[in-house]
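Chemist:
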Amino acid sequence: MKKLFLTFLLVCSCVLAKAQMAQFQALYIYNFAKNIGWPADDASKDLVITIIGDNDLAAELNKLAASKAIGSRKVVIKESATTNGLQKSDIICLGESKAGQIASLLSAQEGNKNLIVCGKKGLCSQGAGIAFVSEGGKLKFEISNKNISKRGLQVSQKLLQLGTEVD
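Mapping of the sequence shown onto the numbering used here: residues 87 to 253, in sequence order.
#1: Return the chain-ordered list of same chain residues with a C-beta closer than 6 Å to the C-beta of residue 175, the five sequence neighbours on each side being excluded.
#2: Thinking C-beta only, is residue 213 closer than 8 Å to residue 188?
#3: What does a CB cutoff of less than 6 Å around residue 205 pick up in its chain, not counting 5 residues either side in sequence?
#4: Would you report the Cα separation of residue 66 and residue 250, rounded to the nearest angstrom?
#5: Pick helix, strand or coil for residue 249, following the three-state DSSP scheme.
#6: For residue 190, which residues in the same chain have their Cβ closer than 6 Å to its Cβ, ignoring the five residues on either side in sequence?
#7: In angstroms, rounded to a whole number, what distance separates the CA positions of residue 245 and residue 121?
#8: To the nearest whole angstrom, what separates the beta carbons of residue 143 and residue 185, a pair I think is in contact under 8 Å?
#9: Going by other Cβ atoms of all chains shown within 10 Å of its Cβ, with 16 needed for buried, is residue 167 buried or exposed?
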């Protein structure tokens, strides 16, 4: 009985840790959106964030989107299981479990002005603009100014200073 109880506690703590990580990632993504120079002609359009393969993150972003805008832009959250057939998105978040699809995502989004955020360390070297990194239980991020600029966006100095710049 004691083993069962300890197993239950371990499972609960893992679930809570994953949910808390999704909350932090959602807040980071909101701040990324505030610190990116979006095309001027997008100022009156909704800011669309598509999440691929991370239901917890999508749920947390939906909570934020219900009460917070990015400047004057309403935030719309979409979900997808794959990188295929995505509609126009300003930010695309590729969950850690879908990291193997980075090449197909970048190919499909060629020429689009969007920010690619990934849930796995090292994906900036493969073309992502930002990649989440967990170090010592703390959430951090890598950022590639070069990759973000290639997609027709500008990144603020503030954001560059907060992350670990890689190119």
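Note that beta-carbon positions come from the ideal geometry of N, C-alpha and C, so glycine has one too.
Modeler: On the basis of the supplied data:
#1: 134, 136 and 200
#2: yes
#3: 181, 182 and 218
#4: With the chain covering only 87 through 253, there is no way to say anything about residue 66.
#5: Note: residue 249 maps to coil in three-state DSSP.
#6: 169
#7: Between residue 245 and residue 121, the alpha-carbon positions lie close to 6 Å from each other.
#8: Contact between residue 143 and residue 185 is ruled out by a C-beta separation of about 14 Å, above the 8 Å threshold.
#9: exposed
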